[in-house]
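Numbering (my numbering), first residue to last: 5 to 329. The beta-carbon is built from N, C-alpha and C at its ideal position, and this holds for glycine as well. Since we're looking at a predicted model, the values are computed, not measured.
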């Protein structure tokens, strides 16, 4: 769902894209929540407009904040990353996402490495642990020591399975959410010396709550699921204060939301998992942003004049049967 706000001759776009299986709200619920709060913004200038303190589900809050900040950026002539940080990093490293059967993973890894990628994220947990161990080992041998490998288990393993994986002595930066029951993560780190990252565990948590998870190596931040840009920045600051690494990650947004993630990653000084954008057959932005690259030059991404194209929206509505919210 796309949201457009206009004030003082400037406009900004936001996107609410609840992720099935992860978001607590549906697209219809996000739309209804926005419809309740938008009348309260009518007649306000851009500096007066503020996010409501509560009442918005995470994806709707992300959409509204992105649209507000986009309008402020357009009105001020400053790029979005500079509204989020006084000194955003000029480039953002992007991770190549790997999934599927082992032969597909290895073939895609070779192709992406040849294209210049030096950061990879592999989905694990969808096969027996011993097969995951073999695949991670083969992938490490294929890619060599000059790349960064992150793993994502999406809470697939029981505790004994995760311990067996930890005992294999593989080389990777961390594994996201290895346990079906996340309450066992501190014990897993203690017994298995496994570097873990928090992702789903952050949903519904306050940034200050990270202090109770000092065992974690990293925090993977998805603004669509955490509730907006400023809230995600608070998570990033809290994580860094605890010595954790930070990564910004996509929840399969269109170009509208993905550019917001790029701005956030630049503001955080963090790598970004934007690779799902590469799988989109079409986008609503014209021209389509060039986001399928191992490193993104932030200034170039935000200097181009782009707009949500009416014909693109009409095509998508037509594919959906001419309706939708």
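No residue range can be given for residue 207, since it is assigned to no beta strand (DSSP E) and is classified by DSSP as neither H nor E. Within the region 236-306, the complete alpha helix (DSSP H) segments of 4 residues or longer fall at 259-272, listed in chain order. Here the C-alpha atom of residue 251 lies approximately 7 Å from the C-alpha atom of residue 277.
Relative to the Cα of residue 290, the nearest Cα in the group 223, 299 and 309 belongs to 309. Residue pairing of residue 156 in beta bridges, as defined by DSSP: 127 and 180.
Residue ranges of uninterrupted beta strand (DSSP E) with 3 or more members, entirely inside the region 9-57 and ordered along the chain, are 14-19.
In this structure residue 212 is exposed. Its beta-carbon is surrounded by fewer than 16 other beta-carbon atoms within 10 angstroms. Under the 8 Å Cβ criterion, the region 103-111 does not count as touching the region 286-304, having fewer than three qualifying pairs.
A Cβ-Cβ separation of about 16 Å leaves residue 133 out of contact with residue 180 under the 8 Å criterion. Judged by DSSP in its simplified three-state form, residue 172 adopts coil rather than helix or strand. Within the region 71-124, the complete alpha helix (DSSP H) runs of at least 4 residues fall at 84-88 and 106-118.
Exposure of residue 46 is indicated by the presence of fewer than 16 other C-beta atoms within 10 angstroms of its C-beta. Selection 142, 204 and 129 evaluated against residue 167 yields 129 as nearest (Cα-Cα). If you look at residue 200, you'll find it in the beta strand (DSSP E) that goes 200-202. Residue 6 carries a strand assignment under DSSP once its states are collapsed to helix, strand and coil.
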